[in-house]
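Numbering (our numbering), first residue to last: 132 to 411.
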């Protein structure tokens, strides 16, 4: 394992962008400015020397977008990762002598290939990815939160996780981010104790009959939730639904999962009809 050594030195080069790299987005810059104000610059700016870009048949442009002559390239560092961070930092008027830069660890790949790999192979967080984030800040969790982590690891979207774990659509990405910052459990999880213990039993029974792909959709849990909310005795209903799920045959489960739309009804309507037929 190699440790990256950061050398502190003053460099007489300005920043430039590489012509043809994706343009910056104003909304992303605003978000970065807000983050930098609160926490500072958390990641180094990845750069290559301007002359390396020219040697790779590339060209430089200034941060404002004007052309830079090739013979002036040695006066610049070309940003290959961190354009939004750099623009946000500069717009905030923060001192350049405190900014940290690093060159790519792979010194053999071309500049264009490095840019492509850094951007194409990077996926922004989906809303469900934020479910796991509070675990880095919470001292303790509860049953609903742990269930949510389980579902998130199986690829469930946030809306479905919220239904299974909380019994409603109250779980939002913003509340998860706030939890990460505050170290406090999102209220959606704190309020879900009564629901979650029943839901976990339904999920366990359903997992023996349905695929993860089907369960990650909201068909089944929405059906159960609606029945539960309308039940005269929710406690009795919870046990009855668990029993029905356990008694469901493979053929019946396959029929539900393979429901298709018709000229008169959507796939969702057909699925709900079959759920009512076998579990209603």
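C-beta atoms are modelled at their ideal positions from N, C-alpha and C, and glycine is treated no differently.
Being a predicted model, the structure only gives us computed values, none of them experimental.
ask   = Rounded to a whole number of angstroms, what is the C-alpha to C-alpha distance between residue 284 and residue 301?
value = Along the chain shown, read from residue 1 onward, the residue named residue 284 stands at position 153. Along the chain shown, read from residue 1 onward, the residue named residue 301 stands at position 170. About 20 Å.
query = By DSSP, does residue 262 sit in helix, in strand, or in coil?
reply = Position 131 of the chain shown, counting from 1, holds the residue named residue 262. Note: residue 262 maps to helix in three-state DSSP.
query = If you compare alpha carbons, which of 363, 356, 393, 163 is closest to residue 407?
reply = Here residue 407 refers to the residue found at position 276 when the chain shown is read from its first residue. Among 363, 356, 393, 163, the Cα nearest to that of residue 407 belongs to 356.
ask   = Taking the alpha helix (DSSP H) that residue 184 falls in, what are its first and last residues?
value = Within the chain shown, numbered from 1, the residue matching residue 184 stands at position 53. 181-186 is the span of the alpha helix (DSSP H), which, as asked, contains residue 184.
query = Are the region 287-297 and the region 318-335 touching by the rule of at least three beta carbon pairs closer than 8 Å?
reply = yes
key: Those runs of the alpha helix (DSSP H) which lie wholly inside the region 316-359 and span at least 4 residues   = Unbroken alpha helix (DSSP H) runs of no fewer than 4 residues, entirely contained in the region 316-359, are found at 318-321, 324-338, 343-346, following chain order.
Segment limits, alpha helix (DSSP H) that includes residue 162 = The residue labelled residue 162 in the question sits at position 31 within the chain shown. Taken as a continuous stretch (DSSP letters only), the alpha helix (DSSP H) holding residue 162 covers 157-170.
task = Put residue 394 into one of helix, strand or coil per three-state DSSP.
result = Sequence index remark: in the chain shown, residue 394 carries index 263 (1-based). Three-state result, residue 394: coil.
Range of the contiguous alpha helix (DSSP H) that encloses residue 385 = Numbered from 1 along the chain shown, position 254 holds the residue referred to as residue 385. From DSSP, the alpha helix (DSSP H) with residue 385 extends over 381-388.
key: Contacting residues, own chain, Cβ-Cβ under 7 Å from residue 163 (five flanking each side not counted)   = Here residue 163 corresponds to residue number 32 of the chain shown, with the count starting at 1. The residues are 215, 216, 219.
ask   = Relative to the C-alpha of residue 261, which residue among 226, 306, 205, 275 is closest?
value = The residue given as residue 261 occupies position 130 in the chain shown. If we check each option's Cα against that of residue 261, 306 comes out closest.
key: Distance, residue 179 Cα to residue 189 Cα   = If you number the chain shown from 1, residue 189 lands on position 58. If you number the chain shown from 1, residue 179 lands on position 48. Roughly 12 Å separates the two Cα atoms.
query = Below 8 Å between beta carbons: does that hold for residue 282 and residue 336?
reply = Position 151 of the chain shown, counting from 1, holds the residue named residue 282. Position 205 of the chain shown, counting from 1, holds the residue named residue 336. No, Cβ-Cβ distance for residue 282 and residue 336 is not below 8 Å.
Per DSSP, cross-strand counterpart(s) of residue 148 = Residue mapping note: residue 148 aligns to position 17 of the chain shown, counting from 1. Residue 148 pairs with 192.
ask   = Between residue 187 and residue 233, is the Cβ-Cβ spacing less than 8 Å?
value = For the purposes of this step, residue 187 is taken as the residue at position 56 of the chain shown. For the purposes of this step, residue 233 is taken as the residue at position 102 of the chain shown. The Cβ atoms of residue 187 and residue 233 do not sit closer than 8 Å to each other.
key: Three-state secondary structure (DSSP) of residue 198   = The residue given as residue 198 occupies position 67 in the chain shown. It is a strand residue.
message = Can you list, in chain order, the residues of its chain with a C-beta nearer than 8 Å to that of residue 341? Leave out the 5 residues immediately preceding and following it.
response = Counting from one through the chain shown, the residue named residue 341 turns up at place 210. Here the set comprises 351, 384, 387, 388.
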